[in-house]
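With my numbering, letter number 181 in the sequence shown gets 185, and the count goes up by one each step, no holes.
All residues carry an ideal CB built from backbone N, CA and C; glycine is no exception.
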Amino acid sequence: MKATGIVRRIDDLGRVVIPKEIRRTLRLREGTPLEIFTDREGEIILKKYSPMMELNTFASQYADAMAQATGYMVCVTDRDQVIAAAGGAKKELLQKPISKQLEHVIQERMTVQAGKDDRAYTPVAAEDIEGVTAQVVAPIICEGDAIGAVIVMSREPRVRFGDAEVRLASTAAGFLGRQMES
5 MKATGIVRRI DDLGRVVIPK EIRRTLRLRE GTPLEIFTDR EGEIILKKYS PMMELNTFAS
65 QYADAMAQAT GYMVCVTDRD QVIAAAGGAK KELLQKPISK QLEHVIQERM TVQAGKDDRA
125 YTPVAAEDIE GVTAQVVAPI ICEGDAIGAV IVMSREPRVR FGDAEVRLAS TAAGFLGRQM
185 ES
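Spelled out as structure tokens, the structure:
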């Protein structure tokens, strides 16, 4: 654990203000859910809560099945990081923070179908993976909230994704969203 040197007092309602610099660095926005942990030494640990992490194993298995069936790279994200990856992108993407562009696409609930040279192309992580020629991004919606995305990608030259790949990603995103609701 790293000390920041910042000290805050608890107010009369039991609240503590998290400094703006820390909120910006950790991408904490108003309404971001935080999970609270304590340890035996009396430390209080705040951790961003991701409902998608409850489906981590299931999302990994789903991404693996999609990648095996299609031959494409598949990843599943929450609003902060890649939680599952399969089809050759696992080492490059798993647990990497998502890009600001992807964060925006999720927030706006946009479905993106693009080639690498298209304006709509959305890097998955801050350090984009090499060789991607086509992608589809479908937002995962749970109880009205955009909580992540399913991304299908190809490294095959001259591949253009069509309606079938959009339906594939959208179906997976819809299924994962419904799993979260139950």
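Length of the line joining the Cα atoms of Ser103 and Val109: C-alpha separation (whole angstroms): 10 Å.
Three CB pairs or more closer than 8 Å across the segment 172–181 and the segment 149–158: In this structure the segment 172–181 touches the segment 149–158; the number of beta carbon pairs closer than 8 Å is three or more.
Candidates Asp121, Thr36, Glu131 and Gly92, of which the one nearest Leu106 by Cα: Selected option, being the one with the closest Cα: Glu131.
contact_flag[the segment 66–73, the segment 114–121] where n(CB pairs < 8 Å) is 3 or more: As far as the Cβ criterion goes, the segment 66–73 does not touch the segment 114–121, which means the pair count is below three.
Cα-Cα separation, Met77 to Gly46: For Met77 and Gly46, the distance between alpha carbons rounds to 44 Å.
Enclosing alpha helix (DSSP H) for Asp68 [first to last residue]: Residue range Asn60 to Thr74 is occupied by the alpha helix (DSSP H) that includes Asp68.
Rounded Cβ spacing between Ile183 and Leu59 (contact assumed at less than 8 Å): In the sequence under discussion, the amino acid at residue 183 is Gln, which differs from the Ile named in the question. Contact flag correct, Cβ pair sits at about 6 Å.
For Lys100, the three-state DSSP class (helix, strand or coil): Here Lys100 sits in coil by DSSP.
Segments of 3+ residues assigned as beta strand (DSSP E) that fall wholly inside the segment 123–179: Whole beta strand (DSSP E) segments, 3+ residues: 138–146 and 149–158.
Own chain residues within Cβ distance below 6 Å of Val141, not counting five before or after: Cβ neighbours of Val141 beyond the five flanking positions: Val109, Val116, Thr126, Ala153 and Ile155.
Integer-rounded CB distance, given that Ala63 should sit under 8 Å from Val80: Cβ-Cβ separation between Val80 and Ala63: approximately 4 Å, consistent with a contact (criterion under 8 Å).
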